[in-house]
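Below you'll find the structure, written out as structure tokens, and then a few comments.
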Amino acid sequence: MSYTDNSDAYYRDLCERLSHQLQTTNSRHRQALQDVHRAKVVSALMRKLFRLKSARYSARKLAERVLDAMYGLLSLECGAVYMKSPTQGGYKTLAFMGFPIEESCDLSRKTAMPEFVFADAGKNKPGISRSLGMMTNCRHTIWCFNPATGLALLLGSNHHNTNEAWELSRGDRDMLHSTLELLGNIISEAEAREESSNPLIDAMTGLPNRHMVIEHLERESRQQNRNYALSTVVLYIDIDRFKLINQQHGHVVGDKVIMAITQRLKSVLRPGDLLGRIGVDEFAIIAPGMRVGNDAIFIAERILKSLRQPLRIGAQSFYLAVSIGIAEAAPDSSAIESLRDANLAMFSAKTNGGATFAMYGQEMHQPGPDVLQLESDLRLAIDREELSLYYQPIFSLHSNAVVALEALLRWHHPVRGTLNPPEFMHLADNSEMGLLIGDWVIDKVVRDMNIWASENATNKSISVCINISETQFVQKGFISRLGRKLRDGKIDPQRIRLEISEHTLLDCRMVDKQLLIKLRDMGIKVMLDDFGTAYSSLQRLQSLPIDTLKIDRNFVAKVAMGGQHSALMKAMVSLARNLDKQIVAEGAENSAQLQELKQMGCDYAQGFLLAKPMAASKIGGFLGNQEVAMGR
Ligand code: C2E
Ligand code: MG
Ligand code: MG
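All residue numbers for the sequence shown refer to the numbering used here, where the first residue is 2 and numbers rise by one.
The following block contains the structure:
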């Protein structure tokens, strides 16, 4: 467009352009001034932070000093510094100024938010914590989160006179970010200093130790007395088979496992819950304000679920589980009594096989099994010749011949009568007793096999399955000792099968494949016992030299019910087929089940219907009336 020099349009346009230029210059000028101001603020803050770093203040004092500095530099009306609590759910307030604030603040939902969130308190947007409601004089607030350091800042001002939320420029964000990061580092250093000299903190995990847990529980249950509808609940958590990790991988790995489990446990805490480490592999969670049944079970289930993913320690993956006992901190019980109740419940969960939880019940205190007494009785059981082996035959479903005998341990207790392994083996496992009993079983099998052979030459072909516990199997030198015992007893290794539970072999991954290859080279077959209970991965199942899968009797019990139960069993049988493994169904109790098993193509079965476990002295006579098949 062209203008004559004195046209109105020319002057109007010139005016507009000039005014536009002026505005841009103004805003650029403003921007430049802001940048200069921010740079000054940042350098003043950083100088302050570095001075504080060498001052060795406590975490709270540090936070107060920094907030004080920001207060002046940013012309704030109010502000607060929060720290994500490493031991409790939620955040604790380290310092605040300008408005009353609660001791702790529920910012837990904010963890999923971006690092910096700003909001206009006046508009009361959803997601703004209730503490903002208290800041009546303050229209503009900025929430700043740094998930890496677990630090949060709340800054409030009334200075801007617009009604809009504060707009944070990139420079502002960078400034806040650097401040939070540096402050976070200084505060963690301060906390580490405080913890290492704190007799109530476990030095390794930084969690409250047993003393602090008890003190906290005492305090919580006193407060809870005022609220009858809700209770404080204690969850007692013990890592299943932790001793084996230490034995197999050493204490350094053991410590890393404890740390990794600590992290998983922290992830399930609610604000206000306290997590403590009360023993080497034992933790407690004190959870106030709970409905005992549902709420506590929910936490226990979340813990179990959080451990379904493997723990990665260096290049290794560990599948670990925990046993959890749940007890209410009853108003008339002391903290120690509540902890003991939860501990009893935890033992009950362990006795049920671990990887589960149990609620405390009065009956756990009943005279019943006096665990300590039973344990010391068991130490004497071998010398007093109270142990014996029963043998249960395994049959071929194609030929009905007996293909093997499973050796089952019995303890003839002088007072309690005959006990089966689930009633006492948990006391023996994880200690030298488990290994002594394991050795005794192998020696006894060798003796019995020789006795049957001397009674009848055809008995020389019968195979025996021996149950091997995890402690035994992973013990150094186990295979060479087994080989020696068989050689000394003149037993062909081809006649021996080891039954090792699915959990030991596949799930826990502590088992070295080389052990299984060694066994195969010796001619000893390996059977995967209780198959179906550990949800092991197909890939691992395929990769290990295992000959036979023994399907757990819980699946067999339901096989004749049809529907999804028999579909599951069918799937297991066809899986075994595809992997070229033989299959034994355990616990066949009636002919309907047996019929189903045959139809599905199961190779072998064992169960009360076919033959009950019998004393060694009865086996010779029993085999005399049976067809015995060799080498299966
Ligand atoms: P398992 O290896 O799965 O052994 C099978 C269990 O099922 C035996 O229980 C057996 O008596 C029982 N059983 C067999 N047929 C039936 C049936 O038709 N119905 C029902 N309800 N049960 C049936 P038992 O003898 O009480 O042994 C339990 C577990 O103790 C064994 O389970 C095994 O894991 C362990 N165990 C047994 N002997 C030893 C041993 O010498 N050393 C070790 N470490 N563990 C052993
Ligand atoms: Mg078995
Ligand atoms: Mg079994």
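Where is the CB? At the ideal position from N, CA and C, for every residue including glycine.
Here the structure is a predicted model, which means the values were calculated and not measured.
Just checking residue i against ligand 1 - is the residue's beta carbon closer than 7 Å to any of the ligand's heavy atoms?
i, result
"residue 469", "yes"
"residue 609", "yes"
"residue 355", "no"
"residue 426", "yes"
"residue 587", "yes"
"residue 421", "yes"
"residue 515", "no"
"residue 590", "yes"
"residue 614", "yes"
"residue 393", "yes"
"residue 439", "yes"
"residue 442", "yes"
"residue 245", "no"
For ligand 3, any of its heavy atoms closer than 7 Å to the Cβ of residue i?
i, result
"residue 548", "no"
"residue 531", "yes"
"residue 553", "yes"
For residue i and residue j, which I take to be in contact (beta-carbon distance under 8 Å), what is that distance rounded to the nearest angstrom?
i, j, result
"residue 234", "residue 285", "Not a contact, Cβ separation roughly 11 Å."
"residue 272", "residue 221", "That pair is no contact at about 14 Å."
"residue 48", "residue 58", "With 8 Å as the limit, residue 48 and residue 58 do not qualify as a contact, their Cβ atoms being about 16 Å apart."
"residue 215", "residue 53", "That pair is no contact at about 35 Å."
"residue 322", "residue 355", "6 Å"
"residue 262", "residue 312", "7 Å"
"residue 499", "residue 467", "6 Å"
"residue 291", "residue 324", "Not really, about 20 Å apart at Cβ, beyond 8 Å."
"residue 644", "residue 480", "Residue 644 cannot be examined here, being either before or after the span of the chain that is shown, 2 to 633."
"residue 443", "residue 486", "5 Å"
"residue 362", "residue 343", "No, residue 362 and residue 343 are not in contact; Cβ-Cβ is about 12 Å, not under 8 Å."
What is the rounded straight-line gap between the Cα of residue i and the Cα of residue j?
i, j, result
"residue 55", "residue 314", "34 Å"
"residue 45", "residue 237", "49 Å"
"residue 120", "residue 156", "Residue confidence is low: residue 120 scores 39 on pLDDT, short of 50, so the model does not pin down where it sits. No coordinate-derived value is stated."
"residue 164", "residue 335", "The pLDDT assigned to residue 164 is 45, lower than 50, so where the model puts this residue is not dependable; a value taken from the coordinates is nonetheless given after this. Approximately 55 Å between the Cα atoms of the pair."
"residue 378", "residue 425", "10 Å"
"residue 333", "residue 351", "27 Å"
"residue 563", "residue 240", "37 Å"
"residue 60", "residue 182", "14 Å"
"residue 97", "residue 178", "19 Å"
"residue 514", "residue 475", "11 Å"
"residue 615", "residue 483", "24 Å"
"residue 151", "residue 427", "42 Å"
"residue 201", "residue 340", "17 Å"
"residue 489", "residue 392", "22 Å"
"residue 94", "residue 70", "17 Å"
"residue 139", "residue 154", "Any reading at residue 139 must be qualified, since the residue scores a pLDDT of 46, below 50, and its modelled position is unreliable; no value is offered."
"residue 472", "residue 213", "34 Å"
"residue 419", "residue 411", "7 Å"
"residue 408", "residue 337", "43 Å"
"residue 302", "residue 277", "19 Å"
"residue 85", "residue 605", "57 Å"
"residue 81", "residue 74", "15 Å"
"residue 287", "residue 224", "13 Å"
"residue 123", "residue 565", "With a pLDDT of 38 at residue 123, under the threshold of 50, the modelled position of that residue is not reliable, and no figure is offered here."
"residue 176", "residue 209", "35 Å"
"residue 613", "residue 524", "28 Å"
Can you determine whether any heavy atom of ligand 2 sits closer than 7 Å to the C-beta of residue i, and answer yes or no?
i, result
"residue 503", "no"
"residue 407", "yes"
"residue 376", "no"
"residue 708", "The shown model of the chain, from 2 to 633, leaves out residue 708, and the question about it has no answer."
Residues bridged to residue i by DSSP?
i, result
"residue 497", "465"
"residue 599", "Per DSSP, none; premise fails for residue 599."
"residue 414", "418"
"residue 147", "152"
"residue 324", "239"
"residue 358", "325"
"residue 530", "502"
"residue 286", "236, 276"
Is residue i close to chain C, meaning its C-beta is less than 8 Å from at least one C-beta of that chain?
i, result
"residue 516", "As a matter of chain content, chain C is missing from the structure shown, which is built from one protein chain."
At least 3 beta-carbon pairs within less than 8 Å: the stretch 257 to 268 vs the stretch 236 to 247 = yes
Quick check: the stretch 618 to 632 against the stretch 400 to 408, are there 3 or more CB pairs under 8 Å?
-> yes
Can at least three beta-carbon pairs, one atom from the stretch 373 to 388 and one from the stretch 410 to 417, be found at a separation below 8 Å?
-> yes
Flag this pair as touching only if the stretch 484 to 497 and the stretch 555 to 564 have three or more C-beta atom pairs under 8 Å; answer yes or no.
-> no
Is there contact between the stretch 439 to 458 and the stretch 618 to 625, where contact requires at least three CB pairs shorter than 8 Å?
-> yes
Within the chosen definition, does the stretch 543 to 554 reach the stretch 581 to 594 through at least 3 CB pairs nearer than 8 Å?
-> yes
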